Every structure is written in C-alpha cells, then in structure tokens.
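**Student:** In our numbering, the protein residues as written are 3 to 113. Ideal Cβ positions, reconstructed from N, Cα and C, are used throughout, including at glycine. Fair warning: this is a prediction, and the values are worked out from it, not measured in the lab. Starting off with a structure, shown below.
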C-alpha cells in the first residue's frame, strides 16, 4: 500500500506525493473514471486530511495522450494519506486489479 512507504512526518507537517503512472493499453478510460471518483471524494469535505488532489494526462508533442498520468496529492501528514487510502473510491480503485503497467512515486515536502 502506498501509505506504507510514506515518511512518518515532515518538517512542515504536510506530505506531498507525486505519482507518475503508466496505464495498460486499453485501460485508460477505466483509469480516468476511477481516479475521477477518487479526486472528487478527496477534494470534498469527506477528506479533511487531503489538501489537494490533482490528476493530469501526459501528452506527446502533438498534444495526444501518451497513456501516462501524473497525480499530485497533498495531505495533512501521513494520517491524511492513510485516511484517503481507506475511503470507498480509493478502495474501489485498489480492488480494480491490473490497470497500472508501471509507477514511480515520490514523497516530498514543500520548503
């Protein structure tokens, strides 16, 4: 689980995650559907520990989607991330199974 690798604390108390995801060919629409639900829930009052949750498609030189995505997440510390991971939309995404072909996740703090 993503929260297992997150730092316990940061100097600012905020935890920033930048995830670059490569989606399996043909699964992009399903990924966008699931992640849109996660974003809606994360940016609502249902997740007070989530400060920001933004989703982005990576485009090629011609402006066409590449099948890669960047997700920017900001939480009130690891507890905010843990709460996000337990929410219904996130659990539905995790239960979907093999949709991600590859991922690079960076944990950060603002300075």
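#1: Going by beta carbon distance, what residues of the same chain come within less than 8 Å of residue 98, once the five residues before and after it are set aside?
#2: According to DSSP, which residues form a beta bridge with residue 106?
#3: Which residues does DSSP pair with residue 41 in a beta bridge?
#4: Taking the Cβ atom as the reference point for each residue, do residue 24 and residue 104 lie within a distance shorter than 8 Å?
#5: In the structure shown, what three-state DSSP assignment does residue 9 receive?
#6: Hey, residue 91 and residue 39 are a contact pair by Cβ (cut 8 Å); roughly how many whole angstroms apart?
#7: Please list, in chain order, all residues of the same chain as residue 47 whose beta carbon is under 8 Å from its beta carbon, the five residues on each side excluded.
#8: Are the Cβ atoms of residue 80 and residue 10 separated by less than 8 Å?
#9: Go through its chain and collect everything with a Cβ distance to residue 68's Cβ below 7 Å, but skip five positions before and after it.
#10: Where are the alpha helix (DSSP H) runs, 4 residues long or more, that stay fully inside the stretch 24-93, in chain order?
**Tutor:** If we stick to the structure as given:
#1: Correct list, in chain order: 32 and 36.
#2: The bridge partners DSSP lists for residue 106 are 22.
#3: Residue pairing by DSSP places residue 41 in no beta bridge whatsoever.
#4: Less than 8 Å separates the beta-carbon of residue 24 from that of residue 104.
#5: In this structure, residue 9 counts as coil in the three-state DSSP scheme.
#6: Indeed, because the Cβ distance is near 4 Å, the residues count as touching under 8 Å.
#7: Cβ neighbours of residue 47 beyond the five flanking positions: none.
#8: Contact: yes.
#9: Excluding residues up to 5 positions away in sequence, 60, 61 and 62 lie with their Cβ nearer than 7 Å to the Cβ of residue 68 in the same chain.
#10: DSSP runs (the alpha helix (DSSP H)) wholly in the stretch 24-93: 30-44 and 79-88.
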